[in-house]
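Protein chains in written order, with the numbering used here: chain S, 1 to 229; chain C, 1 to 297. The beta-carbon is built from N, C-alpha and C at its ideal position, and this holds for glycine as well.
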Amino acid sequence: MNLFASDVRMVGRLIVKDWQVYQKALAGFLAGIVLALGLIGSGGPWWVAGAGAMLLIVLLVVVGSVTIQTSLFIERKQQTVPFIMSLPVSPMDVYWGKLLANLAIFLVPLLLVGGGMITLILTTPIADGLVVWIVLSVVFVLTTFCLSLCFAIACESEGWNAFVMLGLMTLIGPFMFVVGRLEGIVEHVRGEQVVWTPTALAILAAELATIAVAIVVTSVLHARKRSFL
Amino acid sequence: MDMLSPAIALQGVHKHYRDFALRDVDLVVPTGQIMGLIGVNGAGKSTLLRMLIGLIRADGGTVEVLGQRLPEAQVSVKRHIGYASDDMRLYRGQTLRWHMDFVARIYPDWDEAYAQHLLTRFDLRAQQKLGGYSHGQRVKALLLLIFARHPRLLLLDEPTTGLDPVARGEVLDALAEVLRDEERSVLFSSHNTADVEQLADAITFLHRGAIVASSDKDTFLDRWRRILCRGMAGTALAALPGIASVRESAPLIELKTDAYDEAFPERLRAAGLQIQSIEPMTLEDIFVTAVRQGATR
Numbered sequence: 001m002n003l004f005a006s007d008v009r010m011v012g013r014l015i016v017k018d019w020q021v022y023q024k025a026l027a028g029f030l031a032g033i034v035l036a037l038g039l040i041g042s043g044g045p046w047w048v049a050g051a052g053a054m055l056l057i058v059l060l061v062v063v064g065s066v067t068i069q070t071s072l073f074i075e076r077k078q079q080t081v082p083f084i085m086s087l088p089v090s091p092m093d094v095y096w097g098k099l100l101a102n103l104a105i106f107l108v109p110l111l112l113v114g115g116g117m118i119t120l121i122l123t124t125p126i127a128d129g130l131v132v133w134i135v136l137s138v139v140f141v142l143t144t145f146c147l148s149l150c151f152a153i154a155c156e157s158e159g160w161n162a163f164v165m166l167g168l169m170t171l172i173g174p175f176m177f178v179v180g181r182l183e184g185i186v187e188h189v190r191g192e193q194v195v196w197t198p199t200a201l202a203i204l205a206a207e208l209a210t211i212a213v214a215i216v217v218t219s220v221l222h223a224r225k226r227s228f229l
Numbered sequence: 001m002d003m004l005s006p007a008i009a010l011q012g013v014h015k016h017y018r019d020f021a022l023r024d025v026d027l028v029v030p031t032g033q034i035m036g037l038i039g040v041n042g043a044g045k046s047t048l049l050r051m052l053i054g055l056i057r058a059d060g061g062t063v064e065v066l067g068q069r070l071p072e073a074q075v076s077v078k079r080h081i082g083y084a085s086d087d088m089r090l091y092r093g094q095t096l097r098w099h100m101d102f103v104a105r106i107y108p109d110w111d112e113a114y115a116q117h118l119l120t121r122f123d124l125r126a127q128q129k130l131g132g133y134s135h136g137q138r139v140k141a142l143l144l145l146i147f148a149r150h151p152r153l154l155l156l157d158e159p160t161t162g163l164d165p166v167a168r169g170e171v172l173d174a175l176a177e178v179l180r181d182e183e184r185s186v187l188f189s190s191h192n193t194a195d196v197e198q199l200a201d202a203i204t205f206l207h208r209g210a211i212v213a214s215s216d217k218d219t220f221l222d223r224w225r226r227i228l229c230r231g232m233a234g235t236a237l238a239a240l241p242g243i244a245s246v247r248e249s250a251p252l253i254e255l256k257t258d259a260y261d262e263a264f265p266e267r268l269r270a271a272g273l274q275i276q277s278i279e280p281m282t283l284e285d286i287f288v289t290a291v292r293q294g295a296t297r
């Protein structure tokens with residue numbers, strides 16, 4: 001079993017194809033994210049910044065969900081999958097193409113949100129210590145996206161996918177709340193220094209490990225397929 | 001890629017699903033042949049075609065396409081295959097030009113001049129999004145994407161299903177034009193015998209996952225006859241070889257045979273029958289009779 005038995009050029013073409021198919025929808029989300037960042041950094045009353053932060057989280061969650069929905073479920077429904085399978089591609093080419101295209105499409109708004117928030121924090125009077133909490137939260141959103149994506153690739157049932165996706169989404173709020181109050185993080189949130197305590201690093205490592213395990217398990221499952229259907 | 005091998009060679013192929021099985025399929029399509037695969041819905045045509053492009057792995061037997069084993073060699077074989085099925089769709093939000101560019105980047109043999117010719121031939125607008133195309137236009141767009149890269153083997157699964165008579169005629173004309181290339185092999189499935197009769201030079205009947213008859217079209221049409229006789233359908237008639245069906249409606253007997261030759265009428269007379277008429281059969285009639293004959297064997 002070779003997890004990387006793929007034609008890199010073909011995988012690249014599939015990624016570009018997905019990017020082109022979904023770039024217009026993505027542009028709309030990016031405009032919304034820029035608006036939300038503008039609200040947060042506007043220096044207006046607290047509720048304007050609060051509305052911006054809420055909009056940011058909602059957009060990030062929705063863009064992840066829409067990316068998976070459109071590139072996997074709607075493709076299956078609209079029957080474009082047979083067209084792709086008829087090309088000189090192997091099941092692993094299509095798998096890596098789908099996985100990496102979704103990650104690339106989602107990383108654009110995610111990095112915009114993460115980068116935008118960190119820039120706002122470091123360039124405004126907001127306490128710089130908040131950066132750690134922002135990074136952990138953004139990587140947690142990435143983790144939930146990766147878990148949803150891997151599950152959607154492995155399981156074709158829309159019902160189960162909706163259940164998993166919604167379940168993971170509901171964890172984002174509690175995660176941000178709990179991590180913001182954890183010892184090792186809470187004491188530095190309002191400080192002017194960005195402090196990566198062992199607790200913060202452990203959470204970050206756990207998030208990255210979860211992403212890696214999800215991708216490896218899905219890849220192993222997929223590599224066992226020797227034909228598409 | 002082996003140029004001397006048959007385009008398709010299946011031997012003892014079987015595939016079992018919970019409600020359906022493809023059983024012991026042996027089939028050879030020589031290079032340059034246009035074979036029509038006829039069967040009712042659920043006969044196994046799509047399963048067989050998907051196997052021939054490596055999408056489905058057979059449970060047993062060997063599948064060789066263009067001299068290579070499938071599904072192991074599916075990537076290299078698919079470079080030379082044009083496959084279209086009635087459940088295949090293009091991206092609704094993208095233009096035909098976008099699809100042409102996408103396919104051209106994948107296949108080095110993409111022939112842009114021929115693609116432009118086909119655009120005119122099919123009366124398609126390259127800059128229009130596929131979402132605005134009619135079903136007939138979508139089928140023609142798909143065929144354009146396939147034909148413009150000059151595949152050595154065409155696998156077409158019900159290419160005319162759902163088309164109105166005008167679009168169907170256009171697609172069949174276009175197919176006939178493309179199929180003049182004698183180096184290109186074609187296997188296309190249909191439950192419409194008229195389409196197959198128009199295009200194919202060999203025919204295979206598939207029923208309930210098994211091949212019930214396979215031969216070149218002329219042999220089918222030459223060897224099958226509907227014969228009206230007078231007399232008694234006794235044991236002498238039952239002993240005659242090549243009788244596919246017997247229907248009695250006193251005083252007439254209708255016989256259908258798949259082994260007609262010059263001596264056949266004499267054999268009927270020897271069996272005590274008076275021949276009233278001998279008529280050639282349509283492919284549809286041959287198919288229905290062959291399927292019933294296969295089902296009763």
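Residues of its chain near residue i, where Cβ-Cβ distance is below 6 Å and the 5 sequence neighbours each way are ignored
i	result
Ala249 of chain S	Residue 249 of chain S falls outside the range modelled here, since chain S spans only 1 to 229, and no answer is possible.
Trp133 of chain S	Gly180 and Val189
Gly52 of chain S	Ala36, Leu39 and Ile40
Phe175 of chain S	Phe140
Contact with chain S by residue i, beta-carbon distance below 8 Å
i	result
Leu55 of chain C	yes
Gln137 of chain C	no
Pro71 of chain C	yes
Phe188 of chain C	no
Ser214 of chain C	no
Tyr83 of chain C	yes
Asp87 of chain C	yes
Tyr17 of chain C	no
Phe287 of chain C	no
Ile275 of chain C	no
Gly209 of chain C	no
Ala184 of chain C	The displayed chain sequence assigns Arg, not Ala, to residue 184 of chain C. False, the Cβ-Cβ gap to chain S never drops below 8 Å.
Gln94 of chain C	yes
Phe102 of chain C	yes
Arg225 of chain C	no
Val178 of chain C	no
Cβ-based burial, residue i [other Cβ within 10 Å; buried from 16]
i	result
Ala200 of chain S	buried
Tyr83 of chain C	buried
Leu122 of chain S	exposed
Ile105 of chain S	buried
Glu75 of chain S	buried
Val61 of chain S	buried
Asp59 of chain C	exposed
Ala174 of chain C	buried
Leu111 of chain S	exposed
Tyr260 of chain C	buried
Thr120 of chain C	exposed
Met85 of chain S	buried
Pro251 of chain C	exposed
Leu27 of chain C	buried
Closer than 8 Å to chain C by CB, residue i
i	result
Met92 of chain S	no
Arg13 of chain S	yes
Lys98 of chain S	no
Ser227 of chain S	yes
Leu87 of chain S	yes
Val21 of chain S	yes
Thr67 of chain S	no
Thr218 of chain S	no
Gln193 of chain S	no
Thr80 of chain S	yes
Residue i CB to nearest heavy atom of the ligand COA below 7 Å
i	result
Ser157 of chain S	Among the ligands in the structure shown, none appear at all, so the ligand COA cannot be discussed.
Own chain residues within Cβ distance below 7 Å of residue i, not counting five before or after
i	result
Gly41 of chain S	Leu120 and Thr124
Ser65 of chain S	Met165
Thr289 of chain C	Ala244, Ser245 and Lys256
Asp7 of chain S	Asp93
Ala233 of chain C	Val246, Glu248 and Ile253
Trp262 of chain S	Residue numbering for chain S in the displayed model covers 1 to 229; residue 262 of chain S lies beyond these limits and cannot be assessed.
8 Å CB neighbourhood of residue i in its chain, flanking five on each side removed
i	result
Phe73 of chain S	Ala152, Glu158 and Asn161
Glu170 of chain C	Phe122, Gly136 and Lys140
Short CB-CB distance (under 8 Å) between residue i and chain D
i	result
Phe83 of chain S	Given the protein chain composition of this structure (S and C), no chain D is represented.
Anything in the segment 110-135 of chain C with a Cβ closer than 9 Å to a Cβ of chain S? List those residues in chain order, please.
none
Can you list, in chain order, the stretches of the alpha helix (DSSP H) that have 4 or more residues and sit fully within the segment 60-86 of chain S?
75-78 and 81-85
Uninterrupted alpha helix (DSSP H) stretches inside the segment 87-140 of chain S (no shorter than 4 residues):
91-123
Residues within the segment 35-65 of chain C neighbouring chain S, beta-carbon criterion of under 8 Å
Arg50, Ile53, Gly54, Leu55, Ile56 and Arg57
In chain order, each alpha helix (DSSP H) run of at least 4 residues that lies wholly inside the segment 11-57 of chain C
Listed in chain order, the alpha helix (DSSP H) runs fully inside the segment 11-57 of chain C are 45-52, counting runs of at least 4 residues.
In chain order, which alpha helix (DSSP H) runs of at least 4 residues are fully inside the segment 56-104 of chain C?
74-78
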